[in-house]
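These notes are about the structure you will find just below.
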Amino acid sequence: MNARVQGVPGRLDNIVLVADLAGTAVFAVEGAISAMRAQLDLLGVMVIAFIVALGGGVTRDLLIGASPPKAVADWRYPALALVMGGLAFVFHEGVLGISEPLLILLDAAGLGLFAVAGTQKALNVGISSFVATLMGTVTGVGGGVIRDIVLARIPLVLQVDLYASSAFIGAATLILARRLGLAPMACAWLAGSACFALRMLSVHYGWQLPRA
Amino acid sequence: MNARVQGVPGRLDNIVLVADLAGTAVFAVEGAISAMRAQLDLLGVMVIAFIVALGGGVTRDLLIGASPPKAVADWRYPALALVMGGLAFVFHEGVLGISEPLLILLDAAGLGLFAVAGTQKALNVGISSFVATLMGTVTGVGGGVIRDIVLARIPLVLQVDLYASSAFIGAATLILARRLGLAPMACAWLAGSACFALRMLSVHYGWQLPRA
Amino acid sequence: MNARVQGVPGRLDNIVLVADLAGTAVFAVEGAISAMRAQLDLLGVMVIAFIVALGGGVTRDLLIGASPPKAVADWRYPALALVMGGLAFVFHEGVLGISEPLLILLDAAGLGLFAVAGTQKALNVGISSFVATLMGTVTGVGGGVIRDIVLARIPLVLQVDLYASSAFIGAATLILARRLGLAPMACAWLAGSACFALRMLSVHYGWQLPRA
Chain G
27 MNARVQGVPG RLDNIVLVAD LAGTAVFAVE GAISAMRAQL DLLGVMVIAF
77 IVALGGGVTR DLLIGASPPK AVADWRYPAL ALVMGGLAFV FHEGVLGISE
127 PLLILLDAAG LGLFAVAGTQ KALNVGISSF VATLMGTVTG VGGGVIRDIV
177 LARIPLVLQV DLYASSAFIG AATLILARRL GLAPMACAWL AGSACFALRM
227 LSVHYGWQLP RA
Chain C
27 MNARVQGVPG RLDNIVLVAD LAGTAVFAVE GAISAMRAQL DLLGVMVIAF
77 IVALGGGVTR DLLIGASPPK AVADWRYPAL ALVMGGLAFV FHEGVLGISE
127 PLLILLDAAG LGLFAVAGTQ KALNVGISSF VATLMGTVTG VGGGVIRDIV
177 LARIPLVLQV DLYASSAFIG AATLILARRL GLAPMACAWL AGSACFALRM
227 LSVHYGWQLP RA
Chain X
27 MNARVQGVPG RLDNIVLVAD LAGTAVFAVE GAISAMRAQL DLLGVMVIAF
77 IVALGGGVTR DLLIGASPPK AVADWRYPAL ALVMGGLAFV FHEGVLGISE
127 PLLILLDAAG LGLFAVAGTQ KALNVGISSF VATLMGTVTG VGGGVIRDIV
177 LARIPLVLQV DLYASSAFIG AATLILARRL GLAPMACAWL AGSACFALRM
227 LSVHYGWQLP RA
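Residue numbers (the numbering used here), protein chains in the order written: chain G, 27 to 238; chain C, 27 to 238; chain X, 27 to 238.
So this is what it looks like as structure tokens:
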């Protein structure tokens with residue numbers, strides 16, 4: 027890490043915390059919705075809400091050696107997932123009525139938040155830029171991948187329009203913006219926006235990656 | 027951790043060790059039985075026995091940052107799983123003849139043991155009460171969940187009568203009993219019994235959680 | 027660890043590094059091939075290449091408490107997987123034309139390399155011989171198992187002719203050769219060859235383990 031970055035560890039940790047918690051809230055609701063649609067009971071809804079909300083961050087923390095994972099050491103993470111999943115269960119009539127476009131928009135926002143949080147946290151503990159980009163991607167898609175593995179289906183995020191790729195581009199944008207010397211908060215906004223915009227554009231235009 | 031607890035680390039570690047090993051033995055036999063019923067060969071039987079017996083504890087240890095996991099650092103864990111899985115394979119005629127009610131009873135005992143061991147170990151390393159309850163639940167259901175993931179089916183424990191919920195209630199009972207100042211051994215027995223009783227009652231009466 | 031081993035940590039670490047990287051390259055190509063056969067897009071091909079190449083080593087490192095895993099801390103691991111997976115994608119016409127027998131031979135070589143690297147690394151960090159043998163096996167089969175879990179199918183390696191068993195025998199050979207006092211490099215070659223030979227023979231003769 028360069029000197030400027032080491033001079034503001036508090037601010038960088040705060041960016042990770044805020045982006046992580048905001049992403050956790052969004053993804054917990056999303057997880058609860060997908061579990062209620064699969065007719066799971068209250069426990070199943072809470073388990074899937076936890077997995078989608080916390081799975082990506084836990085995987086990232088295990089991989090970068092930040093042990094124990096923040097989602098275990100800091101009770102606010104699971105408590106937030108519990109509350110959001112519980113609220114989604116109680117108010118299921120309203121929640122299940124959320125339109126598909128709005129869900130995709132919320133999910134894209136969560137993806138951008140997690141891509142930023144994951145990349146920044148990996149950099150904070152001294153992981154190289156290239157691997158930090160991968161860690162940002164893992165943070166963004168990890169929860170959804172584990173949910174699909176638990177539900178015994180091939181992860182959607184490996185199949186749909188530039189999903190993991192959007193997280194990857196967001197993470198790479200963060201690295202690039204830091205190299206250009208932008209302020210930490212500007213880097214975070216730029217990276218999250220890049221991820222969000224690419225995901226929304228890819229859904230709108232049906233962009234796909236090439237096949238062999 | 028409070029002063030009283032810190033004064034008897036040896037006793038608390040012993041409770042974890044004994045409950046962990048007893049649960050490991052029970053779950054290794056159960057894993058071997060489910061693998062033999064699925065027509066797997068000797069290796070498959072041993073792998074599934076290991077996964078069911080050690081998967082929950084390994085997941086707990088990775089999540090709470092107890093690294094390396096006890097099941098890797100202490101050879102008695104895998105050796106016990108190896109011996110119990112091997113014995114189940116050799117004496118498969120007798121083992122496969124165990125009646126379903128007896129299997130459910132053994133499994134409920136293993137679940138109670140792991141719920142106690144998991145919660146107590148998380149508390150021992152300084153995890154908050156709320157998250158420790160979740161870790162006790164993960165220890166109880168983790169092995170079965172990983173087995174079902176490996177066998178490409180939706181985890182049974184997310185579907186059947188108050189299975190994970192029983193582990194959760196057992197873990198919560200441990201926390202409550204400690205708050206009330208009961209002796210560590212009394213807390214452990216109370217918590218294990220609560221988990222066991224709830225699981226058996228839920229099977230008998232077919233209790234289910236609500237759906238949205 | 028005995029005195030002789032502690033005297034040559036550099037050489038032992040080098041054996042792990044070289045075997046790990048060679049296995050990573052072979053398995054990345056294999057992963058890319060299986061993903062291209064499953065009609066995945068460029069991202070899916072890269073993800074599966076990463077999983078098959080790095081999954082076993084990451085699992086081993088998490089289990090033995092070598093944190094963060096080498097595949098995250100050392101950028102050469104993911105860079106190698108990226109380059110090999112990318113080359114397989116670009117030259118897919120040639121790569122997809124590789125004959126089945128040659129693929130099995132390459133895979134058996136990768137399996138031997140990972141079994142050696144996994145066992146040696148576990149011993150290097152002070153894991154007991156018995157558990158180190160299991161860690162060698164996990165390193166060899168882990169990537170393939172995680173790939174199959176992600177693709178929602180029962181892991182092939184639990185079903186085909188002495189696959190995991192070959193890794194286990196290779197790992198056990200390494201332990202035995204070290205006990206006999208052979209030079210580290212001789213132990214590694216002997217163990218890798220034992221795994222490779224047993225795997226090839228089992229495919230040729232269709233050897234199977236017994237069922238209950």
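All C-beta atoms in this analysis are idealised placements derived from N, C-alpha and C, irrespective of residue type, glycine included.
Neighbouring residues, chain G, relative to residue i (Cβ below 8 Å)
i: residue 120 (chain C); result: In chain order: nothing, as chain G lies at least about 32 Å away.
i: residue 90 (chain X); result: Going along chain G, no residue has its Cβ under 8 Å from residue 90 (chain X), so there is no contact; the nearest lies around 13 Å.
Contact list for residue i against chain G, beta-carbon separation under 7 Å
i: residue 157 (chain C); result: 98, 101 and 104
i: residue 115 (chain X); result: 238
Collapsed DSSP secondary structure at residue i in the structure displayed
i: residue 173 (chain X); result: helix
i: residue 133 (chain C); result: helix
i: residue 222 (chain C); result: helix
i: residue 197 (chain X); result: helix
i: residue 181 (chain G); result: coil
i: residue 230 (chain G); result: helix
i: residue 160 (chain X); result: helix
i: residue 94 (chain G); result: coil
i: residue 124 (chain X); result: coil
i: residue 53 (chain C); result: helix
i: residue 186 (chain C); result: coil
i: residue 46 (chain G); result: helix
i: residue 117 (chain X); result: coil
i: residue 77 (chain C); result: helix
i: residue 39 (chain C); result: helix
i: residue 87 (chain G); result: helix
i: residue 208 (chain C); result: coil
i: residue 151 (chain C); result: coil
i: residue 101 (chain X); result: coil
Inter-residue Cα distance where the pair is residue i and residue j
i: residue 37 (chain C); j: residue 178 (chain X); result: 43 Å
i: residue 78 (chain C); j: residue 50 (chain C); result: 8 Å
i: residue 170 (chain G); j: residue 186 (chain C); result: 23 Å
i: residue 90 (chain C); j: residue 110 (chain C); result: 27 Å
i: residue 163 (chain G); j: residue 69 (chain X); result: 12 Å
i: residue 117 (chain C); j: residue 172 (chain C); result: 25 Å
i: residue 202 (chain C); j: residue 92 (chain X); result: 36 Å
i: residue 60 (chain G); j: residue 113 (chain G); result: 14 Å
i: residue 123 (chain G); j: residue 95 (chain X); result: 43 Å
i: residue 144 (chain G); j: residue 214 (chain G); result: 11 Å
i: residue 39 (chain G); j: residue 131 (chain G); result: 26 Å
i: residue 158 (chain G); j: residue 222 (chain C); result: 45 Å
i: residue 27 (chain X); j: residue 151 (chain C); result: Annotation note: pLDDT 38 at residue 27 (chain X) (below 50); position unreliable, coordinate value reported separately. In a straight line, the C-alpha of residue 27 (chain X) is about 28 Å away from that of residue 151 (chain C).
i: residue 102 (chain C); j: residue 139 (chain X); result: 28 Å
i: residue 129 (chain X); j: residue 135 (chain C); result: 47 Å
i: residue 167 (chain C); j: residue 42 (chain X); result: 35 Å
i: residue 224 (chain C); j: residue 48 (chain G); result: 36 Å
i: residue 184 (chain X); j: residue 198 (chain X); result: 19 Å
i: residue 105 (chain X); j: residue 236 (chain X); result: 41 Å
i: residue 153 (chain G); j: residue 147 (chain G); result: 9 Å
i: residue 45 (chain G); j: residue 176 (chain G); result: 26 Å
i: residue 196 (chain C); j: residue 211 (chain C); result: 14 Å
Listed by chain order, chain C residues near residue i by CB distance under 7 Å
i: residue 53 (chain G); result: None at all; the shortest Cβ gap to chain C is about 17 Å.
i: residue 160 (chain X); result: 104
Chain C contact residues for residue i, given Cβ-Cβ distances below 8 Å
i: residue 71 (chain G); result: 238
i: residue 190 (chain X); result: 69 and 73
Contact set between residue i and chain X, taken where Cβ atoms lie within less than 7 Å
i: residue 93 (chain G); result: 93
i: residue 62 (chain C); result: 238
i: residue 65 (chain C); result: 237
Which residues DSSP lists as bridging residue i, in chain order
i: residue 237 (chain X); result: C:67
Any non-hydrogen atom of the ligand GDP closer than 7 Å to residue i Cβ
i: residue 54 (chain X); result: The ligand GDP is absent from the structure shown, which contains no ligand whatsoever.
CB contact check: residue i to chain D, cutoff 8 Å
i: residue 149 (chain C); result: Among the protein chains of the structure shown, namely G, C and X, there is no chain D.
Legend entry - Interfacial residues, the region 163-184 of chain G to chain X, with Cβ spacing under 7 Å: 175, 178, 179, 180, 181 and 184
Legend entry - Short-range partners of chain X found in the region 123-137 of chain G, where Cβ spacing is below 9 Å: none
Inset, instruction - Pull out every residue of the region 192-219 of chain X whose Cβ sits closer than 9 Å to any Cβ of chain C, in chain order. - result: 194
Legend entry - Contact list for the region 139-156 of chain C against chain X, Cβ threshold 7 Å: none
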